[in-house]
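Following: one structure in C-alpha cells, then a few remarks.
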Amino acid sequence: MSTITESVEVGVPVTDAYNQWTQFETFPRFMEGVEQVRQLDDTHVHWVTKVGGVTREFDATIVEQIPDQCVSWRSDAGPDHAGKVTFDKVDARTTRVTAKMNIDPEGFVENVADKLGVLDRRVKGDLKRFKEFIEERGGRETGAWRGSVESTTEQSTAQGSSTQAGKPGAGIRPGGPGVSGLLPDDPDTGGLSPKTDPRPPL
C-alpha cells in the first residue's frame with residue numbers, strides 16, 4: 067500500500083466546497099477515467115472506471131462523513147483503496163481541500179513503470195479540475211447532502227437531509243448520500259478517478 071496526499075486551495079467558502087464534493091454524480095465532469103458513479107444507499111456507491119483501457123467496476127463504503135469537515139471511504143472488494151478528503155477553512159472565501167489516499171498501485175495502474183508517480187499526478191490533476199469546476203460556477207454548488215455518517219466499531223450509520231439548488235429536502239443523489247474519493251484512470255491522461263459514487267465516499 068502507498069499513501070498519496072495532495073491539497074488545493076479553492077476560492078469558495080468551506081460549506082460550498084464540501085456541498086459540491088457530496089454530489090458524486092458530478093465526478094465524471096472533473097475526474098478523468100470515471101465513467102459512472104451510482105449511489106446504492108446512504109453509505110454504499112458503485113463505481114465504473116476505465117484504467118489503461120480496462121473497465122473496472124467496484125463498490126465502496128462511506129465509513130465517515132462530517133458536514134464541512136471530511137468524507138472517508140474504503141473499497142469493499144477489488145482494488146485495495148481507502149481514503150479521506152478533508153475541508154479546512156482558510157478564510158471566509160477560501161477552502162483547503164486535501165485528499166489522502168491509501169492505494170495499491172498495482173491494482174489501479176497497468177503496464178506503467180512509475181505507478182505511484184502516475185497516481186500522484188492524477189490526484190493532483192483531479193483536485194485542480196475540481197477547483198476550476200466550482201470556481202467557474204461562482205461557488206454555486208450543484209447540490210448538497212448535509213447528513214452525517216458516523217463511524218462506529220462495527221458499522222457506520224447515516225442520517226441527515228438533502229438539499230439541491232437551495233431546495234431543502236430535495237433529493238440530490240439517487241438513493242441518498244454515499245462515498246467520495248478518487249481513483250486512477252488511463253495512465254496516459256494524467257487524470258484521477260473518484261472512488262464510489264459518491265454518495266469517493268476521493
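Counted the way my numbering counts, the sequence shown spans residues 67 to 268. Just so you know, even glycine gets a beta-carbon here, dropped at the ideal spot from N, CA and C.
Taken through DSSP and simplified to helix, strand or coil, V80 comes out as helix. Under DSSP, the beta-bridge partners assigned to W113 are V103 and F124. Annotation: H147 to D157 spans about 32 Å, alpha carbon to alpha carbon. Taking a C-beta distance under 8 Å as the contact criterion, H112 and E130 do not qualify as a contact pair. Minimum Cα-Cα distance from C136 among the listed residues A126, P145, T127 and F153 corresponds to F153.
Within the model, the alpha-carbon separation for I169 versus E98 is close to 17 Å. Counting the other CB atoms within 10 Å of its CB gives E207 a total of 16 or more, which places it among the buried residues. DSSP places G204 in the coil class of the three-state scheme, outside both helix and strand. The residues F96, in chain order, have a CB closer than 6 Å to that of F196 in the same chain once the five nearest residues on each side in sequence are set aside. Residue state for F196 is assigned as helix, using DSSP reduced to three classes. When V175, T88 and G77 are compared, the shortest CA-CA separation from G119 is found for V175. Here the alpha carbon of T160 sits roughly 23 Å from the alpha carbon of G149.
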